[in-house]
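Right, one structure below, let's go through it.
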Amino acid sequence: MSTESLLARLLAASDGFALIGAWARNAWAPPRATTDLDLVVRADAKTLADLATVLEHESYRAVRRQRVAASDALPDIEIYRAEDEDLCQVDLLIAKTAFEVQALDRALSVELHELRLPVVTPEDLVVYKLLANRGRDQDDVRAVVRTQLRAGRTLDWDHIVKWSSYWGIEERAAALQRELTRGA
Amino acid sequence: MRASASDREHFEEIARATEAQETDSYARAAACPPGAGMLVGLRLGLLLPKSPAIMAEDDARADGQMELARRRLALGLGLEV
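Listed in order, the protein sequences are those of chains Y and P.
Everything in the first sequence is counted per our numbering, starting at 35 for the first residue and increasing by one.
Everything in the second sequence is counted per our numbering, starting at 1184 for the first residue and increasing by one.
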């Protein structure tokens, strides 16, 4: 099935998710190749079950379910894979923090042909990327910020700083802001 | 042996060209609707062979996402602000 059909079915099944990762990056910065789909998902069993039903119906199978705390009722991440589909992997990241819940609540609607896809804001994507902080994430952060500035959109730095502080990574946000101010 | 002035000039030129290329890509992305960027990323992904290396990279990204969960636990974060 096409990726757009899969997205349409996921949207029909639930309004409890938003796109993060490479798809959000490609919405807010110069695109790069993506072979997977990352979704932040509301932490309730029904939402998770509804999305799983769609994925399993479309021949995806769960290959990993991980939880960092054994006592948690829901996993932290579920990974589905279908090697014959255009998108070979779908990652469901379960929203268990205030940061993720507000990222879901603030998600912007992005048009993709007939679909309206909920995508986390550039600011929330920056916080996600600052948190992961691998080389590619650091490149993504700069690309997102520079593209948004180029588009004449004002980034809400207070929001980025607030949620970076929440995660204890405020120094990463401060360093990014210093670097971009120097480069401006 | 040290790099000559022309060697340094050569690499400075490459750096300038790379920066100009990046600036151009930001400008093009800024002018592009967000949905169009997502479609381009998907189409580029379709050109990649589904090799074990690609699958391993997808897995590694998922491992990166677990960092969020580990930090949540370490900091004792929850749904309350």
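Built from N, CA and C at the ideal position, the CB exists for glycine as well.
Owing to the predicted nature of the structure, the values given are computational and were not obtained by experimental measurement.
Cβ-based burial, I54 (chain Y) [other Cβ within 10 Å; buried from 16] = I54 (chain Y) should be labelled buried.
Integer Cβ distance of L121 (chain Y) from L40 (chain Y), believed to fall under 8 Å = Correct: roughly 7 Å between the Cβ atoms.
Is the Cβ-Cβ distance between E145 (chain Y) and P1216 (chain P) less than 8 Å?
-> Contact: yes.
Proximal residues to S48 (chain Y) (C-beta, below 7 Å), its chain only, five neighbours per side dropped | Closer than 7 Å at Cβ, skipping near neighbours: T81, D84, L85.
For E1250 (chain P), go through chain Y and note every residue whose CB falls closer than 7 Å to its CB, in chain order.
-> What E1250 (chain P) touches in chain Y: L165, A166.
Per DSSP, A52 (chain Y) forms a beta bridge with which residues?
-> The bridge partners DSSP lists for A52 (chain Y) are Y:V74.
Just the Cα atoms here: how many angstroms apart are R95 (chain Y) and V124 (chain Y)?
-> Cα-Cα distance, rounded: 10 Å.
Mind listing which residues of the region 114-136 of chain Y have their C-beta closer than 7 Å to chain P's C-betas, in chain order?
-> Those would be E117, D120, C122, Q123, D125, L127, K130, T131, A132, V135, in chain order.
Anything in the region 143-155 of chain Y with a Cβ closer than 9 Å to a Cβ of chain P? List those residues in chain order, please.
-> The residues in question are V144, E145, L146, H147, L149, L151, V153.
Ignore the nearest five residues each way along the sequence and tell me which others in R98 (chain Y)'s own chain have a CB closer than 8 Å to its CB.
-> By the criterion of a C-beta distance shorter than 8 Å, R98 (chain Y) is surrounded in its chain by I111, E112, I113, once the five residues flanking it on both sides are discounted.
What are the start and end residues of the beta strand (DSSP E) that includes Y114 (chain Y)?
-> Counted as a single uninterrupted DSSP element, the beta strand (DSSP E) harbouring Y114 (chain Y) occupies residues 111-115.
For chain P, find out if any of its Cβ atoms is closer than 8 Å to the Cβ of V102 (chain Y); answer yes or no.
-> It does: the Cβ of V102 (chain Y) has a partner Cβ on chain P nearer than 8 Å.
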